[in-house]
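Chemist: Chains as they are written, first to last, in the working numbering: chain D, 1 to 100; chain G, 101 to 210; chain L, 211 to 344.
Each residue gets a CB set at the ideal place from its N, CA and C atoms; glycine is no exception.
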Amino acid sequence: MLHLVNKSPFERIALHSCLGHVREGDSILLYEDGIYAARKGSATTDRVAAATGKFKLYVLGPDLAARGIPSDQVIDGITVVDYGGFVDLVAEVGPVQSWL
Amino acid sequence: MAYDFQGKSIDHDEEGFITDVGDWSPELASFLAEQEGIALGDEHWEVINFLRDYYNEYQIAPAIRVLVKQMKKAFGPEKGNNKYLYELFPYGPAKQACKFAGLPKPTGCI
Amino acid sequence: MAEAETLDDFDETDEDVKRFMFVNRKAPYGTIYALEVLEMVLITGAFDQDVSVAFLDDGVFQIKKGQDTKAVNMKNFSPTYRALEGYDIEKLYVERESMEARGLAPEDFVVPVKVVSAAELADLMAEQDVIISG
């Protein structure tokens, strides 16, 4: 199962709700304003870093770049993907849940 | 709406501002100026190039007040004033010079 | 005729100048708020008003350095904040609590800002004639 999160973790509870419903082995893709959760050094970093041990986390590279976050500031264990990678995940990982 | 220029169709808005900055060329500027009865000379180009540099740096066309102030800084008071700019661009430097420079209409220019 | 172009003809008195604060609380590209507020800031600045701009909550991300929007095919408007100085808009405030929660520091921003506490920002808001939020 693939979970999509496009809301900032500082403004909405979408990511937190997602993390409360995700099952082991599931994948989570952060995109648009959701990518702020992938950055090291913020108030949500510890929670997201802990999730990388249980789930597969991905973040959309073009959205990171747009918002001025270089990939070396991304939490270890989160994989940066491009639009092609986004499509591959949707095709491969089964049902998609959008946490709008 | 589009200009037919050098065999190409170049989109513009209802006031004649081109919609894609990337379509601009110096030849297009001369073409647009001719349509409004202006033959571009060195003084016109100074303003047009100044506007293009400003746009490249800040991603907006400056308000007229800001253009005058920055022109004054760059070229001195004899060029950084409303009268000089209106003589070059009678319909308003913001509207006319920005149009020839291929920029969007300045924000706040109603 | 552009109203801004005739502004110099008016004999302004202090009564015409109002204190405007623009309050930015949204990240830059996920919604249109940040760009819309920035346009209002520029318009207000063209009319010689007393303008200040505050960045709090996710609004602090608007002025994060290093934005590159080519791959998302959107306009990168972060360089425009650097034009505000030319519009005589120099009162830019960042709320410390918001900045720190997001792991940011003053050197992460494209413009010089004054970092203020939430309490200080609340006082600044109370001094305004008009507050416009986005």
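1) Residues of chain L with a CB under 8 Å from the CB of Ala201 of chain G: which are they?
2) Nearest chain L C-beta to Tyr158 of chain G closer than 7 Å, yes or no?
3) Can you name the start and end residues of the alpha helix (DSSP H) that Asp46 of chain D belongs to?
4) Listing by chain order, which chain B residues have their CB less than 7 Å from the CB of Val166 of chain G?
5) Along chain G, which residues have their Cβ under 8 Å away from the Cβ of Leu252 of chain L?
6) Quick check: the Cα distance between Gly192 of chain G and Gly313 of chain L, rounded to an integer number of angstroms?
7) Could I get the ranges of all uninterrupted beta strand (DSSP E) runs contained in the segment 301-333 of chain L, with 3 residues as the minimum, in chain order?
8) For Ala214 of chain L, which of helix, strand or coil comes out of DSSP?
9) Compare the C-beta of Ser71 of chain D against all C-beta atoms of chain L and say whether one is closer than 7 Å.
10) Just the C-alpha distance for Val263 of chain L and Leu167 of chain G, rounded to the nearest angstrom, thanks.
11) How would you label Ala194 of chain G, buried or exposed, when you count the other beta carbons within 10 angstroms and need 16 or more for buried?
12) So which residues on chain L does Gln170 of chain G lean against when the C-beta distance must stay under 9 Å?
13) Name the chain L residues that come within less than 8 Å of Lys40 of chain D, Cβ to Cβ?
14) Counting C-beta neighbours from all protein chains within 10 Å, is the total for Lys280 of chain L 16 or more, i.e. buried, or is it exposed?
15) Write down the C-beta distance between Trp99 of chain D and Ala37 of chain D rounded to the nearest angstrom, noting that I regard them as a contact closer than 8 Å.
16) Shorter than 7 Å from the beta carbon of Thr241 of chain L to some beta carbon of chain G?
17) Based on Cα-Cα distance, which residue from L:Arg229, L:Asp278, L:Gly296, L:Lys228 lies nearest to Ser288 of chain L?
18) Using beta-carbon positions only, say whether Lys179 of chain G and Met171 of chain G come within less than 7 Å of one another.
19) For Ala264 of chain L, name the three-state secondary structure that DSSP assigns.
20) Quick check on the DSSP output: the beta strand (DSSP E) that includes His3 of chain D runs from which residue to which?
21) In angstroms with no decimal places, state the Cα-to-Cα distance between Leu266 of chain L and Ile69 of chain D.
22) Distance cutoff 7 Å, beta carbons only. Does Glu215 of chain L sit that close to anything in chain G?
23) Which residues in chain L have a C-beta closer than 8 Å to the C-beta of Arg67 of chain D? List them in chain order.
24) I need the boundaries of the beta strand (DSSP E) containing Leu60 of chain D, first residue and last residue.
25) Compare the Cα-Cα distances from Ala311 of chain L to each of D:Leu4, D:Ala43, D:Ala49 and report the closest residue.
26) Going along chain L in order, which residues have a C-beta closer than 7 Å to the C-beta of Asp63 of chain D?
27) If the criterion is Cβ atoms closer than 7 Å, does the pair Met309 of chain L and Tyr239 of chain L meet it?
28) Count the other CB atoms within 10 Å of the CB of Glu337 of chain L; is the residue buried (16 or more) or exposed (fewer)?
29) Could you compute how far the alpha carbon of Asn149 of chain G sits from the alpha carbon of Ala201 of chain G?
30) Suppose the cutoff is 7 Å on Cβ atoms and the five residues either side in sequence are ignored; what does the same chain contact list for Tyr243 of chain L look like?
31) Secondary structure at Arg67 of chain D, three-state DSSP: helix, strand or coil?
32) Closer than 7 Å, CB to CB, is Ala212 of chain L near chain G or not?
33) Pick out whichever of L:Leu252, L:Met250, L:Tyr303 has its Cα sitting closest to the Cα of Gly269 of chain L.
34) What residues from chain G crowd round Phe287 of chain L, counting only those whose CB sits closer than 7 Å?
35) Three or more C-beta pairs under 8 Å: does that hold for the segment 83-100 of chain D against the segment 50-65 of chain D?
36) Counting only the same chain and skipping the five closest in sequence on each side, list residues whose C-beta sits under 7 Å from that of Ala197 of chain G.
Modeler: On the basis of the data shown:
1) Position 101 of the second sequence, counted from the start, is the residue given in the question as residue 201 of chain G. Neighbours of Ala201 of chain G in chain L, taken as residues whose beta carbon is under 8 Å from its own, are absent, since the nearest beta carbon is some 16 Å off.
2) Here residue 158 of chain G refers to the residue found at position 58 when the second sequence is read from its first residue. For Tyr158 of chain G, the answer is yes, since a Cβ of chain L falls inside 7 Å of its Cβ.
3) On the first sequence, position 46 is the one that residue 46 of chain D refers to. Per DSSP, Asp46 of chain D belongs to the alpha helix (DSSP H) from 45-51.
4) Going by chain labels, chain B is absent from the structure shown, which instead holds the protein chains D, G and L.
5) Position 42 of the third sequence, counted from the first residue, corresponds to residue 252 of chain L. Per Cβ cutoff of 8 Å: Ile160, Ala163, Thr207, Gly208.
6) Sequence index remark: in the second sequence, residue 192 of chain G carries index 92 (1-based). Sequence index remark: in the third sequence, residue 313 of chain L carries index 103 (1-based). The alpha-carbon atoms of Gly192 of chain G and Gly313 of chain L are separated by roughly 46 Å.
7) 301-305, 324-326
8) Mapped onto the third sequence, residue 214 of chain L falls at position 4. Its pLDDT being 47, under 50, Ala214 of chain L is placed unreliably by the model, and the measurement read from it follows with that caveat. If DSSP states are grouped into helix, strand and coil, Ala214 of chain L belongs with the helices.
9) For the purposes of this step, residue 71 of chain D is taken as residue 71 along the first sequence, with counting starting at 1. So, not an interface residue.
10) In the third sequence, residue 263 of chain L corresponds to position 53, counting from 1. In the second sequence, residue 167 of chain G corresponds to position 67, counting from 1. Those two C-alpha atoms are separated by around 22 Å.
11) By 1-based counting over the second sequence, the position of residue 194 of chain G is 94. Looking at its Cβ environment, which holds 16 or more other Cβ atoms inside 10 Å, Ala194 of chain G is buried.
12) Here residue 170 of chain G corresponds to residue number 70 of the second sequence, with the count starting at 1. By Cβ distance, chain L contributes Gly296.
13) Here residue 40 of chain D is taken as the residue at index 40 of the first sequence, counted from 1. Counting only Cβ-Cβ distances below 8 Å, Lys40 of chain D has contacts in chain L at Gly313, in chain order.
14) Taking the first residue of the third sequence as position 1, residue 280 of chain L is located at position 70. Looking at its Cβ environment, which holds fewer than 16 other Cβ atoms inside 10 Å, Lys280 of chain L is exposed.
15) Here residue 99 of chain D refers to the residue found at position 99 when the first sequence is read from its first residue. Here residue 37 of chain D refers to the residue found at position 37 when the first sequence is read from its first residue. Contact flag wrong, Cβ pair sits at about 11 Å.
16) As a working mapping, residue 241 of chain L is identified with position 31 in the third sequence. Closer than 7 Å: no.
17) One-based indexing of the third sequence puts residue 288 of chain L at position 78. Comparing Cα positions, the closest option is L:Asp278.
18) In the second sequence, residue 179 of chain G corresponds to position 79, counting from 1. In the second sequence, residue 171 of chain G corresponds to position 71, counting from 1. Their beta carbons are under 7 Å apart, which means Lys179 of chain G touches Met171 of chain G by this criterion.
19) Here residue 264 of chain L refers to the residue found at position 54 of the third sequence. It is a strand residue.
20) Against the first sequence, residue 3 of chain D aligns to sequence position 3. 2-5 is the extent of the beta strand (DSSP E) around His3 of chain D.
21) Looking up residue 266 of chain L in the third sequence gives position 56. Looking up residue 69 of chain D in the first sequence gives position 69. Spanning the two alpha carbons is a distance of roughly 19 Å.
22) Along the third sequence, read from residue 1 onward, the residue named residue 215 of chain L stands at position 5. Its pLDDT being 47, under 50, Glu215 of chain L is placed unreliably in this model, and the value from its coordinates should be taken loosely. Yes, Glu215 of chain L counts as interfacial toward chain G.
23) The sequence position of residue 67 of chain D within the first sequence is 67, counting from 1. Under the 8 Å cutoff, chain L gives Ala237, Pro238, Tyr239, Phe271, Lys274, Gln277.
24) Here residue 60 of chain D refers to the residue found at position 60 of the first sequence. Element bounds for Leu60 of chain D: 56-60.
25) Against the third sequence, residue 311 of chain L aligns to sequence position 101. When each option's Cα is compared against that of Ala311 of chain L, the closest is D:Ala43.
26) Here residue 63 of chain D refers to the residue found at position 63 when the first sequence is read from its first residue. Near Asp63 of chain D (Cβ distances below 7 Å), the residues of chain L are Val282.
27) Here residue 309 of chain L refers to the residue found at position 99 of the third sequence. Here residue 239 of chain L refers to the residue found at position 29 of the third sequence. Contact: no.
28) Position 127 of the third sequence, counted from the first residue, corresponds to residue 337 of chain L. By the neighbour-count rule (16 or more Cβ atoms within 10 Å), Glu337 of chain L is not buried but exposed.
29) Taking the first residue of the second sequence as 1, we reach residue 149 of chain G at position 49. Taking the first residue of the second sequence as 1, we reach residue 201 of chain G at position 101. If you take the alpha carbons of Asn149 of chain G and Ala201 of chain G, they lie about 7 Å apart.
30) One-based indexing of the third sequence puts residue 243 of chain L at position 33. Around Tyr243 of chain L: Lys236, Gly344.
31) As a first step, residue 67 of chain D must be located in the first sequence, where it is residue number 67. Reduced to three states, the DSSP call for Arg67 of chain D is coil.
32) One-based indexing of the third sequence puts residue 212 of chain L at position 2. Residue confidence for Ala212 of chain L is low, a pLDDT of 44 falling below 50, so the modelled location carries little weight and cannot support an answer.
33) Here residue 269 of chain L is taken as the residue at index 59 of the third sequence, counted from 1. It is L:Tyr303 whose Cα lies nearest to the Cα of Gly269 of chain L.
34) Residue 287 of chain L sits at position 77 when you count from the first residue of the third sequence. Per Cβ cutoff of 7 Å: Gln159.
35) yes
36) Along the second sequence, read from residue 1 onward, the residue named residue 197 of chain G stands at position 97. Taken in chain order, the residues that qualify are Val147, Ile148, Leu151, Phe189.
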